[in-house]
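In my numbering, the protein residues as written are 269 to 578.
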Ligand SMILES: [Ca+2]
Ligand SMILES: [Ca+2]
Ligand SMILES: [Zn+2]
């Protein structure tokens, strides 16, 4: 089943389930402010609280100053993909992937994801990036049992140790680490321009149960890896800079004031800017079943950043 069919069938199941449930369940699916959100062994006051506390994506925030610096650098190379420039002549990159499973023992409950889940994750990634011309080639899978690394958080000594021990390949190689990451987090990534200063830190870390078939409902269709891979190739969140400035520096993604979550069809958080919020974009914070696209402009920005830094 391809991804669209898969998501379609899940959407139907969801609708059927919602039809049979009380209003509170429906409210939770839409991120009701007063409905507790249970996820990954944590209870948040609401889905909004989960989002506000950075659980959805813990990739470091790029402030306006750094975004300007990066854009000026790309522009200086004549490769500014962020402002409607045509895509560069990047020959459809085929990205080698090194997948590192960090578990605390055998079995899925200990984070020892199956080969099937990993293969399905690579398929999800390939389907997501196909329209942008990127493909991902799984080179190797290794498995490490380490209870300290298992609960790593961004910037921790455990993260540094795990990556120093396991990372493979050069700047163009995607290293994916799956683990039972701490803090109720879903994942984080490094940006392409971070590579040269700290190559061993390069890559993405995700909660193991976010892989396809995992238990991290509603983030278990594999789009955490897709979203983090988006950062890894140089994309910002669709709500970067809110309604101001040039947002995410991609001209065909409508401006968005704040992260969308759940699947709020028709949301328009920047009324003074054209277009409805890009809630179906992989770089927003909506549920996996809600997001299914990168835009043409994002593809151009990937090419710009990838050719400059990877
Ligand atoms: Ca935009
Ligand atoms: Ca708008
Ligand atoms: Zn993110």
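Here a beta-carbon is modelled for each residue, glycine too, at the ideal position from N, C-alpha and C.
Computed from a predicted structure; not experimentally measured.
Contact annotation: residue 516 and residue 528 have beta-carbon atoms that are not nearer than 8 Å. Per DSSP, residue 366 lies in no alpha helix (DSSP H) segment; the continuous beta strand (DSSP E) that holds it begins and ends at 362 to 371. Apart from sequence neighbours up to five positions away, the residues of its chain that approach residue 574 with a beta-carbon distance below 7 Å are 358, 361, 460, 501 and 502, ordered along the chain. Membership of residue 306 in the beta strand (DSSP E) is indicated by the continuous run 305 to 307. Beyond the five residues adjoining it in sequence on each side, residue 437 comes within less than 8 Å, by CB distance, of 364, 366, 407 and 443 in the same chain, given in chain order. Three or more Cβ pairs drawn from the stretch 374 to 384 and the stretch 475 to 482 lie within less than 8 Å of each other, which places the two stretches in contact. Residue 518 has its CB nearer than 7 Å to a heavy atom of ligand 1. Taking residue 412 as reference, the option from 429, 570 and 403 with the minimal CA-CA separation is 429.
In chain order, 365, 404 and 406 place their CB closer than 7 Å to the CB of residue 390, counting only its own chain and leaving out the 5 sequence neighbours on each side. Your pair residue 561 and residue 577 does not check out as a contact, with CB atoms roughly 24 Å apart and the cut at 8 Å. The beta-bridge partner set that DSSP reports for residue 411 consists of 369. Note that the C-beta distance between residue 570 and residue 400 is below 8 Å. Secondary structure note for residue 311: its beta strand (DSSP E) is the uninterrupted segment 310 to 312.
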